[in-house]
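Since the structure comes first, as structure tokens, the remarks are kept for the end.
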Amino acid sequence: MENMESPWMTWSWISLLLLVQLRGYWGCMEEERMALLEFKSSFNATDYIGGAFLPSWVDDKGSDCCTWERVICSPTTGRITQLSLNDVRDNNLGPAAWYLNTTLFLPFEELLYLDLSGIFNGCFRNEGGRGRVPPGLKKLQVLNLSDNQLNSSILPFLGALTSLETLSLRSNELEGSLPLREFSQLRNLKILDLSQNRLGSGSLTIQGNFTKRTVQYTRLPPIQGVKRLSKLERLDLSENHFDKSILKFVGAFPSLNTLSLGSNGMEGSLSAHALEALSKLEILDLSYNSFTWSIPPSIGNLSSLKHLSLAYNRFNGSLPIQGLCKLKSLQDLVLGGNSFEGVIPSCLSNLTSLRMLDLSENQLRGSIPSSLITSLTSLEYISLENNNFEGAFWFGSFANSSRLEVVKLSSGGNKLEVQTEYPSWVPSFQLKVLVLTNCNLNKPAGIIPKFLSLQYDLREIDLSHNSLRGNLPSWLLHNKTKLELLNVQNNSLTGHLNLTSRLSLNISWLFISENHFHGQLPANIGEVLPNLEVLHASQNNFEGSIPSSIGEMRNLFTLDLSNNNFSGEIPEQLAIGCQSLVSLKLSNNKLQGQIFPKLSNLTRLIELYLDGNHFSGNALNGAYEGFLLVRLDIGNNYISGKIPSWIGNFTGLVTLDMRDNLFEGHIPTEIGNLKELYLLDLSGNFLSGPIPLSSDSPSLRFIHLGRNGFRGSLPISLLNSSSSLVTLDIGGNNFSGHIPYWIGEFSELRILLFEGNNLQGPIPPQLCQLKKIRIMDLSNNTISGSIPKCFSDIPFGRSEFREYMFMETGAGTRYSLQSYKYQSVVEGNNDYDADEVFENKPEKVKFTTKRRSNSYEGSILDFMSGLDLSSNLLTGEIPPEMGNLNEILALNLSHNQFSGSISKSFSNLTQIESLDLSHNNLSGQIPLELTELPFLAIFSVAYNNLSGKTPDMKAQFATFDIDSYEGNPFLCGPPLLRNCTTGVESKVAPATYLDDGMDLVSFYASFAVSYVMCLLALAFILYINSYWRRIWFGLIEAGIYSCYDFVFTTVHKFSSHRRT
């Protein structure tokens, strides 16, 4: 009987176990299913991504919640163990706060993993719990609350989750000190991520535009709070506000193997002594701080280090041999973006485990040691770009680096020469990224590296800024189906661009600009490169029409064909098919006809550059009305008619350039609606009437209205335009009246161009309030009076006022291509992106200097300075204080009525390159001290009343010819043909002038001297030559007799007349 019961009992137990085992497959727990549905209902579905919010979460008892998206259940108990609700909220739909009801987690008895990242707006409420943790969260091991807006009030709640092993609070609004006291009960915690918050170890000063507030953090927690987190292995405190004192606290975590303190703004020298106790530390990231001096040798005591990143600090000096070369376990060494000098230490070849070496963007010099490369056989990634290397480097040194994936080499100074061809070699690697820029690649032959024909896994090839020659070989693209980026710009490549249909290409970004390609673009370019997103083919010699097949590039968002010889019209296929186009640049070609076809789908277009072509017809046919334009440049064409009023509908417009066309009539008042306008250029047209600038244009920086038909007094609407105006150009019009006093209110003004008008009256002293002015041109008017002495207070480029305004081009848009992601020791490290930045066009002005009108564009304006008051009616003496303008580069005071002498203070103009004082009434001597001006290239004092000796023909004055001095009859010395009398210097009396401006004293003195010299010369000739003496006396005798006869005859006739 017992034997019969035993099998029955066995089968019963087995059945029971099977029932328990299979329960999870019958479905999730009903109470958990209802909790999930209640959880879903607590959301407002219209606030979340996709419209169909959690579609598998349905209120159907036949639906097993273990099969729902974002839910994972235990296979044995059927209870939910993982719940992932990350990023379900669409932040673009509104900032409304959402409260998490933690009582919803009461049914979840076995929840181990909970991801709630990216769904809160800063509120976290334990409804009904009164601070108690629901039992369902007691077993929680992984909690992700990153990318929310949670503040420090959440910390006590989290401190009660004692089973936590991983906690992420990245990208929140935590403030104060490191919350070790709140987390002291989390004794199982292994991973803690507090990055991208506002935590710190001192006081943080936040500097805004108008306010300044200081947030005082509490003191760092006691060391006892550190000891309780004895199991902590990974700590990420990057992108906070800690100073370097945090190192002595994190150095007390005994199990720490990963420490990230990047982007905290730590300053001063780095001390690694506090970290020496971290015997298990493998990953140390101190990048993007402000550490200075050198890397301490004590860094070599961290013997377990595998990844060390000190990139983008301010370290300088030589690389520390004693420290770095002791790290035998090191796999990743990232030191880019510092100021290290000297040569690459040879002892780095001892780091045989090194996989990644990044020394880019430093000031290293010398040669790249081939012995180092051949020793590092485990190397996968190497970046040495943007240094000062020199000499020859043989690329074949990498031949045996079979694991090599990324190589990036370049150098400044044009002294590095990379050779890839000789002697012959065969690579054992398959590269994914190759960057060989600005390295005189295969000089002098300029051959594209032939080993690339054997590289089939490439994602990115960048051979730009070399002197490569010949055609672009077809084998460079053959069998490279993974290639996404090809950059050969700024070389000397020639021939046609051949793209055969046999090529199977997935290239997304193609840069071939700044070469010598010619002929037509391939008609089938859109078929061969259908996935192209960026095409830069500017500054070549392409001709013919733009291929219509470009319209098949549905993903194209940048097309730059500027500075070529394209002709014909813009193809309709481009305007209809390139629906993703964001930037279109067709500047400086020979395109003609209407600007755009009537049909266009370019609704995403942000910037459009069509300047420098032959477009004609009436002004803008309305093709733009559906665009989202931010930058529009149609300058230098033949477009006529009136500026359309609908231009005011582009409320996001930042740049509007319509210069040098045939526009006429008034500027439409709707242009005042462009609140975001940064640059307005309507110069070189036939516009007239009022200037309707809005009083609410805070972004407006550059106004160009020159060379039009505006007349009357300067409109006060200019004052309303923007208080931040940088350039005001209204030259070449017919404005009249006085220069208004309110010009001085443009406190940010750098360039003021009023030349070529009918302005009159004195120079207002309010101009002296322009403390940031760099270029001022008031020439060719009828301005009278004298130069205000306060002009010496205007900086005109003085370095303490230099702010590099013209290096800024305004807000831009950036697009990136991730061509390849290298997997280093640190997860998610090293994204290799190519950037496409859309920026406003640089400022460009014309200013006459060195006797010619020059165009200055972009950042050069930050270094240009000048004052032009020529061709006016200015009188009086030139103020000696003008010599205080010691940073000015060009000064033109010619064609006025200035009098007096040239002040010796002009020798203080140490930076001046062009000085023109010609066509005035200046007198006296030319100061000899002017020869000390080291950069003077143009000098003219012609047509004045100067006297005395010209400056010595030395230094810069040795280059000036007679044209610099002509028209001064009393000047002598070279280069003039008049020699100066030895030991005699002319002295000029106080000024007495004829109507034409000549000095009377000088005139009479010169006449008397000339008369006496003639008499002496005649007497000398008669003394030494008897023949001429006899003739001379004979003439005198004949003259006497003639006079006698004339007098006698006249008297005789008079007497006879009286008698009669």
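Residues -24 to -1, 1 to 1036 in mature numbering (1 follows the signal peptide of the UniProt record, and there is no 0) are what the sequence shown spells out, letter by letter. Where a beta carbon is used, it is the ideal one built from N, C-alpha and C, also for glycine.
Sequence-distant residues of its chain with Cβ nearer than 7 Å to residue i (five each side left out)
i	result
residue 125	96, 97, 98, 148, 149
residue 460	435, 436, 482, 483, 484, 485, 793, 795
residue 701	676, 677, 679, 722, 724, 725
residue 401	372, 375
Residue from the options with nearest C-alpha to residue i
i	options	result
residue 274	258, 289, 248	248
residue 621	648, 630, 83	648
residue 587	614, 594, 593	614
residue 472	484, 495, 483	495
residue 915	934, 410, 897	934
residue 407	86, 747, 431, 7	431
residue 370	528, 161, 534, 392	392
residue 110	83, 119, 89	83
residue 688	665, 506, 700, 258	665
residue 252	225, 422, 266	225
residue 380	1000, 333, 656	333
residue 266	215, 715, 298	215
residue 844	756, 902, 429	756
residue 339	290, 525, 682	290
8 Å contact criterion, which residue i and residue j should meet: CB distance rounded
i	j	result
residue 663	residue 650	So it is not a contact: roughly 16 Å between Cβ atoms.
residue 636	residue 660	4 Å
residue 940	residue 918	6 Å
residue 80	residue 11	5 Å
residue 316	residue 303	17 Å between Cβ atoms; not a contact.
residue 229	residue 262	Actually they are not in contact, since the Cβ atoms of residue 229 and residue 262 sit about 16 Å apart, beyond 8 Å.
residue 605	residue 626	5 Å
Residues near residue i in its chain [Cβ-Cβ closer than 6 Å; skip 5 each side]
i	result
residue 1019	none
residue 344	365, 369
residue 120	91, 93, 144
residue 159	135
residue 1016	none
residue 405	377, 378, 380
residue 942	918
residue 855	763, 765
residue 122	93, 144, 146, 147
Classification of residue i by the beta-carbon crowding that lies within 10 angstroms, buried from 16 upward
i	result
residue 463	buried
residue 990	exposed
residue 396	buried
residue 78	buried
residue 1006	exposed
residue 45	exposed
residue 368	exposed
residue 420	exposed
residue 849	exposed
residue 515	buried
residue 863	buried
residue 33	buried
residue 234	buried
residue 328	exposed
residue 9	buried
residue 955	exposed
residue 929	exposed
residue 36	exposed
residue 741	exposed
residue 512	buried
residue 283	buried
residue 583	buried
heavy atom of the ligand FMN below 7 Å from residue i C-beta
i	result
residue 4	In the structure shown, the ligand FMN is absent, as is every other ligand, since no ligand is present at all.
Contacts around residue i, its chain only, beta-carbon distance under 8 Å, and the 5 residues preceding and following it disregarded
i	result
residue 643	619, 658, 663, 665, 666, 667, 668
residue 594	615, 616, 617
residue 870	846, 847, 892, 893, 894, 895, 896, 916
residue 684	658, 659, 660, 661, 662, 663, 664, 708, 709
Would you check if there are 3 or more beta carbon pairs closer than 8 Å linking the stretch 541 to 549 to the stretch 566 to 584?
yes
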